[in-house]
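Trainee: One structure, as structure tokens, below. Some questions next.
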Amino acid sequence: MPHTGYCGRFAPSPTGELHFGSLVAALASWLRARNLQGRWLLRVDDIDPPRAVPGSTEAILAALARLGLIADAPALHQSERGEAYAQALLQLQRGGHAFPCWCSRTDLEAAGAVHRDGRCIAPRRDDREPAWRLRVPDGEIAFDDGLQGPQRQDVREAVGDFVLRRADGLWSYQLACVVDDAFQDITEVVRGCDLLDSTPRQVLLQRLLGLPTPAYIHLPLAVDAEGRKLSKSSDAPPVDAHEPHAALARALRFLGQEVPATADPAAMLHAAAARFDISALRGVTARVAGPPA
Ligand code: GLU
């Protein structure tokens, strides 16, 4: 089927099985892409081996397939993208936007826990690899979120000179995400509100790297009745992808969508995509997830 220039994506971290909060992001990004006759891609954010749970990449991809959320290309794995991140870091270093940092946690705490001097405050060490930080410029980064409205953040004030590559060689999510969103030609990012405050850092990196800025839609976070995030780290059970109809219906209700009257999950997705509209969620940053069935 010919597609428009729209390209969306879902980017799970392999830190456990697919949970309801992730399903909401996966489903909303899929529905939005299909509603706009665009493409939908997957990216596995497996850049943090210490936090990865063995087998969870396979479990998440299998659950998505079982639910009928099929991507238009094989998933991109961040663990295989080190070369591209190194190139981006080199570009930032050459442009004078990155500096090596040997600060320990104690040095940082002494400096008020936020690094914003544009240089390392600890002595240089030739016996240890440094971390690399972005020299964050003054000024606000503004963008318009499709659901949460106009956003602005003074990145230097809010987070300071953030890490691009850790001293142990691990790449930061911010850098990897920006490089890969551009590589996959993503035109719109649909994800949870827990990442809203990462977005100004990502927009800043896009500008410094000369990459396009996609549109952003930050969805309400799924919370329990006490307002706690239903996340992979809480003990909320994983989505039961063997019951696709029930799982998709619950996520559709969460997204304020009518649940199409069909027992067939594929037909349900098709109908839901045709009339997908999340304007009722404008300005909503958290929502209580309804019961599973
Ligand atoms: N991998 C991230 C997460 O699961 C999401 C990244 C993104 O959508 O930008 O929280």
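Everything in the sequence shown is counted per this note's numbering, starting at 20 for the first residue and increasing by one. A virtual CB, placed ideally from N, CA and C, is assigned to each residue, including glycine.
Any heavy atom of the ligand GLU closer than 7 Å to the beta-carbon of Leu189?
Mentor: As a first step, residue 189 is located in the sequence shown; it is residue number 170 there, counting from the start. No, the beta carbon of Leu189 sits no closer than 7 Å to any heavy atom of the ligand GLU.
Trainee: Can you tell me where the beta strand (DSSP E) with Ile160 in it begins and where it stops?
Mentor: Stepping through the sequence shown from its first residue, residue 160 is reached at position 141. Segment 159-164, the beta strand (DSSP E) holding Ile160.
Trainee: Considering only DSSP beta bridges, list what Asp173 is partnered with.
Mentor: To locate residue 173, count along the sequence shown from 1; it is residue 154. DSSP, once it has assigned bridges, lists Glu159 as partnering Asp173.
Trainee: Assuming contact is defined by CB atoms lying nearer than 8 Å, are Phe273 and Ala305 in contact in what I supplied?
Mentor: Taking the first residue of the sequence shown as 1, we reach residue 273 at position 254. Taking the first residue of the sequence shown as 1, we reach residue 305 at position 286. The answer is no: Cβ separation not under 8 Å.
Trainee: Using 8 Å as the cut-off, can you tell me whether the segment 139-148 makes contact with the segment 202-212, which would need three or more C-beta pairs spanning the two stretches below that distance?
Mentor: Cβ pair count under 8 Å is below three, so no.
Trainee: Does the beta carbon of Leu214 fall short of 7 Å from some heavy atom of the ligand GLU?
Mentor: Counting from one through the sequence shown, the residue named residue 214 turns up at place 195. Leu214 Cβ: within cutoff of the ligand GLU.
Trainee: From the beta carbon of Phe273, is the nearest beta carbon of chain C less than 8 Å away?
Mentor: Reference to chain C is not applicable here, since this structure consists of a single protein chain.
Trainee: Determine the extent of the alpha helix (DSSP H) in which Cys196 is found, giving its start and end residues.
Mentor: Position 177 of the sequence shown, counted from the start, is the residue given in the question as residue 196. Run containing Cys196: 192-202, per the alpha helix (DSSP H) assignment.
Trainee: Can you tell me whether Pro233 is buried or exposed? The criterion is at least 16 other CB atoms within 10 Å of its CB, across all chains shown.
Mentor: Along the sequence shown, read from residue 1 onward, the residue named residue 233 stands at position 214. Result: buried.
Trainee: Which same chain residues, not among the five before or five after Phe162, have their C-beta less than 6 Å away from its C-beta?
Mentor: Working through the sequence shown from its first residue, we reach residue 162 at position 143. Excluding residues within five positions, the ones whose Cβ falls inside 6 Å are Gln170, Val222.
Trainee: Between the Cα of Leu300 and the Cα atoms of Gly211, Ala266, Met287, Pro156, which residue gives the shortest distance?
Mentor: Against the sequence shown, residue 300 aligns to sequence position 281. Measuring from the Cα of Leu300, the nearest candidate turns out to be Gly211.
Trainee: Quick one: residues in its chain with C-beta nearer than 6 Å to the C-beta of Ala260, no 5 flanking neighbours on either side, listed in chain order?
Mentor: The residue you call residue 260 lines up with position 241 of the sequence shown. Closer than 6 Å at Cβ, skipping near neighbours: Ala82, Arg85, Leu86.
Trainee: By Cβ distance below 7 Å, which residues in the same chain neighbour Ala71 in space, the five residues on each side in sequence not counted?
Mentor: Position 52 of the sequence shown holds residue 71. Cβ neighbours of Ala71 beyond the five flanking positions: Pro33, Thr34, Asp65.
Trainee: Take the Cβ of Leu109 as the centre, count every other Cβ of all protein chains shown within 10 Å, and call the residue buried at 16 or more, exposed below.
Mentor: Position 90 of the sequence shown holds residue 109. With fewer than 16 other Cβ atoms within 10 Å, it is exposed.
Trainee: I'd like the list of long-range same chain contacts for Glu207, defined as Cβ closer than 6 Å, with 5 residues on each side in sequence excluded.
Mentor: Reading the sequence shown from its first residue, position 188 is the one you call residue 207. These residues qualify, in order along the chain: Gly27, Pro233, Ala234.
Trainee: Using alpha carbons as the reference points, say which of Leu189, Arg220, His237, Ala92 lies closest to Glu176.
Mentor: For this step, residue 176 is matched to residue 157 along the sequence shown. That would be Arg220, whose Cα lies nearest to the Cα of Glu176.
Trainee: Given this structure, state the Cα-to-Cα distance separating Gln193 from Ala285, to the nearest angstrom.
Mentor: Numbered from its first residue, the sequence shown carries residue 193 at position 174. Numbered from its first residue, the sequence shown carries residue 285 at position 266. Taking the straight line from one Cα to the other gives about 34 Å.
Trainee: Under the criterion of a Cβ to heavy atom distance below 7 Å, does Val43 qualify as lining the ligand GLU?
Mentor: Within the sequence shown, the letter at position 24 stands for residue 43. Because no heavy atom of the ligand GLU lies under 7 Å away, the Cβ of Val43 does not count as near it: no.
Trainee: Measuring CB to CB, does Asp180 end up less than 8 Å from Arg113?
Mentor: By 1-based counting over the sequence shown, the position of residue 180 is 161. By 1-based counting over the sequence shown, the position of residue 113 is 94. No; because the gap between Cβ atoms is not below 8 Å, this pair is not in contact.
Trainee: Could you round the C-beta distance between Pro310 and Ala291 to whole angstroms and report it? I think they count as a contact, below 8 Å.
Mentor: Mapped onto the sequence shown, residue 310 falls at position 291. Mapped onto the sequence shown, residue 291 falls at position 272. About 20 Å separates the two Cβ atoms, so there is no contact after all.
Trainee: Please report the distance separating the alpha-carbon of Ala47 from that of Glu277.
Mentor: In the sequence shown, the residue the question calls residue 47 occupies position 28. In the sequence shown, the residue the question calls residue 277 occupies position 258. In a straight line, the C-alpha of Ala47 is about 13 Å away from that of Glu277.
Trainee: Helix, strand or coil: how does DSSP classify Leu249 here?
Mentor: Stepping through the sequence shown from its first residue, residue 249 is reached at position 230. Residue state, collapsed to three classes: coil.
Trainee: May I ask you to report which of helix, strand or coil DSSP gives Arg113?
Mentor: To locate residue 113, count along the sequence shown from 1; it is residue 94. In this structure, Arg113 counts as helix in the three-state DSSP scheme.
Trainee: Mapping DSSP to helix, strand and coil, what is Gly35?
Mentor: Position 16 of the sequence shown, counting from 1, holds the residue named residue 35. Coil.
Trainee: Would you mind reading off the limits of the beta strand (DSSP E) that contains Ala292?
Mentor: Here residue 292 refers to the residue found at position 273 of the sequence shown. Taken as a continuous stretch (DSSP letters only), Ala292 belongs to no beta strand (DSSP E), being part of the alpha helix (DSSP H) at 284-293.
Trainee: Between which two residues does the alpha helix (DSSP H) containing Arg226 stretch?
Mentor: Your numbering for residue 226 matches position 207 in the sequence shown. Segment 218-228, the alpha helix (DSSP H) holding Arg226.
Trainee: Does DSSP put Ile205 in a helix, in a strand, or in coil?
Mentor: The count along the sequence shown starts at 1 and reaches residue 205 at position 186. Coil at Ile205, not helix or strand.
Trainee: Rounded to the nearest angstrom, how far is the Cβ of Val174 from that of Val155, given a contact under 8 Å?
Mentor: For the purposes of this step, residue 174 is taken as the residue at position 155 of the sequence shown. For the purposes of this step, residue 155 is taken as the residue at position 136 of the sequence shown. Confirmed, about 5 Å.
Trainee: Just the Cα atoms here: how many angstroms apart are Ala78 and Ala266?
Mentor: Position 59 of the sequence shown, counted from the start, is the residue given in the question as residue 78. Position 247 of the sequence shown, counted from the start, is the residue given in the question as residue 266. Distance between the alpha carbons of Ala78 and Ala266 is about 16 Å.
Trainee: Use the C-beta contact count for Gly229: other C-beta atoms within 10 angstroms, 16 or more gives buried, fewer gives exposed.
Mentor: The count along the sequence shown starts at 1 and reaches residue 229 at position 210. Gly229 is exposed by the Cβ-count criterion.
Trainee: Is the CB-CB distance between His264 and Ala282 below 8 Å?
Mentor: Counting from 1 along the sequence shown, the entry for residue 264 is found at position 245. Counting from 1 along the sequence shown, the entry for residue 282 is found at position 263. Yes, the pair counts as a contact, with Cβ atoms nearer than the cut-off.
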